[in-house]
Amino acid sequence: MPQGILILDRTSGDFVQAVFHEEVKTHQLIEAEQQWKPHRIAVTQRLLAAGVPKSEIARKSPQHVHWDWALKSKCLEGDPLALRCYGIELNGEWQGLAIVDLSMHVAHLEPDAGKPLVYVVFLESAPWNLRNMVDEPRYGRIGVRLIEAAIRLSMSEDFKGRVGLYALPQAEGFYRKCGMVCVEGMAYRGMNLFELTRDAAAAFLEGGSNVNTNE
Amino acid sequence: MAAKKTMTLNLTNQEMAVLGQLAEKKDLSKTAIIRQALRLYQMVEIRLDRGEKLYFEDEVEKMKSELLVL
Chain A
38 MPQGILILDR TSGDFVQAVF HEEVKTHQLI EAEQQWKPHR IAVTQRLLAA GVPKSEIARK
98 SPQHVHWDWA LKSKCLEGDP LALRCYGIEL NGEWQGLAIV DLSMHVAHLE PDAGKPLVYV
158 VFLESAPWNL RNMVDEPRYG RIGVRLIEAA IRLSMSEDFK GRVGLYALPQ AEGFYRKCGM
218 VCVEGMAYRG MNLFELTRDA AAAFLEGGSN VNTNE
Chain B
542 MAAKKTMTLN LTNQEMAVLG QLAEKKDLSK TAIIRQALRL YQMVEIRLDR GEKLYFEDEV
602 EKMKSELLVL
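So the protein sequences, as listed, match chains A and B. Just so it is clear: in the first sequence, position 195 is 232 by the numbering used here, and no numbers are missing. Just so it is clear: in the second sequence, position 67 is 608 by the numbering used here, and no numbers are missing.
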C-alpha cells in the first residue's frame, strides 16, 4: 500500500509529501523509463552541442546514463519473492526507483559475515533530480530515502538493517555518507562492494537519514 | 509491508533441529529461515524454467557439478 514520504523540493527548500510505493510493477517501470529516457538523451545532446567528441561522450556522461528500467523490469518476470522493486512518486512522476534482492547475498563485514542482507541491485534517482544530469535539480533526498527503505526492509526481514551493493565509482561518495563501508578485495567490473553494518544501519535510522547529500 | 497469514508447520525432530541450527547460524528467526528458503527455491525454479542451470563449483578441485532440482 502506498505511503507518504518526505522529499526535498530544491526550488522552495521545503520538504514535500511524496508517495512511497513498496511494490512497483513492471508497467510502472516502463512508465518511469518513458519519463526518464528523454532526459538521459538530453544529457548526451548537451555534451555533443558543447563540442565534446563522440569518443569522449561515454567518459563525460553519468555512469548510469545507459540504464533502462523497462529492460530491468525483466528480472521481475515470474514475480520472484527474492526481488522487490520500490519507488517514490510525486505528481504522477517517478522520482526514484530501486530493485533489491533478499536471498542471494550475504554480508562480508564482521560481526555478521555470512549472514543475509538486503542487496541493492539497482537504485536511481530521476535524471531531473541529479546534479550531473541537469543544472537545477528538482527534488532531493531521493537516494537517501531509497536507502532508508532498504534498511527498513532489512529490519523487517530480520536482517538487522544490513544492506549491501556494488557502487558505481561516481556514487561511492554518496554511499559513504550513508555510512556504508567499502569491502576490500571484492571489486567486480570496476565497482567496489559496499556494506552497511547493523550498527551503521541503526545510526542511519537514528538521524543519519538526514545526511546532507546531493542525491 | 505486505499482509501475512499464519500457518502451522509440522516438522520432524531432525527437521526442527536443522531449522534451529540454521536460525542460529544465520541469526534469523525460524520464520525468516523458512521465508528465505522459499525465496531461494522459487528463484531456482524461475531460472531453471528459463533454461539456466545450477552448478556447485569446487575451486580447489576444479570440479563443477550440476545440481538437479526435482
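Each residue gets a CB set at the ideal place from its N, CA and C atoms; glycine is no exception.
For residue i, three-class secondary structure by DSSP
{"i": "A:E130", "result": "strand"}
{"i": "A:V56", "result": "strand"}
{"i": "A:F241", "result": "helix"}
{"i": "A:M228", "result": "strand"}
{"i": "B:G561", "result": "helix"}
{"i": "A:K62", "result": "coil"}
{"i": "A:V171", "result": "coil"}
{"i": "B:M548", "result": "coil"}
{"i": "A:K316", "result": "No answer is possible for residue 316 of chain A: it lies beyond the span of chain A, which begins at 38 and ends at 252."}
{"i": "A:A163", "result": "coil"}
{"i": "A:C112", "result": "helix"}
{"i": "A:K214", "result": "helix"}
{"i": "B:M542", "result": "coil"}
{"i": "B:E593", "result": "coil"}
{"i": "A:G180", "result": "helix"}
{"i": "A:S193", "result": "helix"}
{"i": "B:A578", "result": "helix"}
{"i": "A:D236", "result": "helix"}
{"i": "B:K566", "result": "helix"}
{"i": "A:A186", "result": "helix"}
{"i": "A:M223", "result": "strand"}
{"i": "A:R77", "result": "helix"}
{"i": "A:A150", "result": "coil"}
{"i": "B:E598", "result": "strand"}
{"i": "B:V585", "result": "helix"}
{"i": "A:A87", "result": "coil"}
{"i": "A:N92", "result": "The amino acid occupying residue 92 of chain A in the given sequence is Ser; Asn does not appear at that position. If DSSP states are grouped into helix, strand and coil, A:S92 belongs with the helices."}
Cβ pair residue i, residue j closer than 8 Å
{"i": "A:F159", "j": "A:I188", "result": "no"}
{"i": "A:C215", "j": "A:L242", "result": "no"}
{"i": "A:I78", "j": "A:R178", "result": "no"}
{"i": "A:R235", "j": "A:D149", "result": "yes"}
{"i": "A:A186", "j": "A:Y123", "result": "yes"}
{"i": "A:R121", "j": "A:L134", "result": "no"}
{"i": "A:R175", "j": "A:T48", "result": "yes"}
{"i": "A:T63", "j": "A:L127", "result": "no"}
{"i": "A:G41", "j": "A:V53", "result": "no"}
{"i": "A:E194", "j": "B:A573", "result": "yes"}
{"i": "A:A86", "j": "A:Q132", "result": "no"}
{"i": "A:G115", "j": "B:I587", "result": "yes"}
{"i": "A:S191", "j": "A:L154", "result": "yes"}
{"i": "A:L202", "j": "A:F231", "result": "yes"}
{"i": "A:H76", "j": "A:M170", "result": "yes"}
{"i": "A:A107", "j": "A:L167", "result": "no"}
{"i": "A:A238", "j": "A:G198", "result": "yes"}
{"i": "B:L552", "j": "B:L560", "result": "yes"}
{"i": "A:V80", "j": "A:S98", "result": "yes"}
{"i": "A:E130", "j": "A:Q72", "result": "yes"}
{"i": "B:Q577", "j": "B:L589", "result": "no"}
Any non-hydrogen atom of the ligand ZN within 7 Å of residue i CB
{"i": "B:Y582", "result": "As presented, the structure is devoid of all ligands, the ligand ZN included, so that no description of it is given."}
Residue i: contacting residues in chain A (beta-carbon distance under 7 Å)
{"i": "B:A573", "result": "E194 and D195"}
Nearest-angstrom Cβ-Cβ length linking residue i and residue j, presumed shorter than 8 Å
{"i": "A:Y156", "j": "A:H145", "result": "No, A:Y156 and A:H145 are not in contact; Cβ-Cβ is about 12 Å, not under 8 Å."}
{"i": "A:A119", "j": "B:R591", "result": "Actually they do not touch by this definition, with Cβ atoms about 14 Å apart."}
{"i": "B:K594", "j": "B:E607", "result": "6 Å"}
{"i": "B:Q583", "j": "A:P39", "result": "Between A:P39 and B:Q583 the Cβ distance is about 26 Å, and since that is not below 8 Å, they are no contact."}
{"i": "A:K152", "j": "B:K545", "result": "Not confirmed; about 22 Å, so no contact."}
Any chain B beta carbon closer than 8 Å to residue i
{"i": "A:S140", "result": "yes"}
{"i": "A:L66", "result": "no"}
{"i": "A:P90", "result": "no"}
Contact with chain A by residue i, beta-carbon distance below 8 Å
{"i": "B:L579", "result": "yes"}
{"i": "B:K567", "result": "yes"}
Partner residues on chain A for residue i, Cβ-Cβ distance less than 9 Å
{"i": "B:S570", "result": "D195"}
Beta-carbon neighbours of residue i, restricted to chain A and to distances below 8 Å
{"i": "B:M542", "result": "E59 and S193"}
Chain B residues whose Cβ lies nearer than 8 Å to that of residue i
{"i": "A:P117", "result": "R580, Q583, M584 and I587"}
{"i": "A:P153", "result": "K567, L569 and Q577"}
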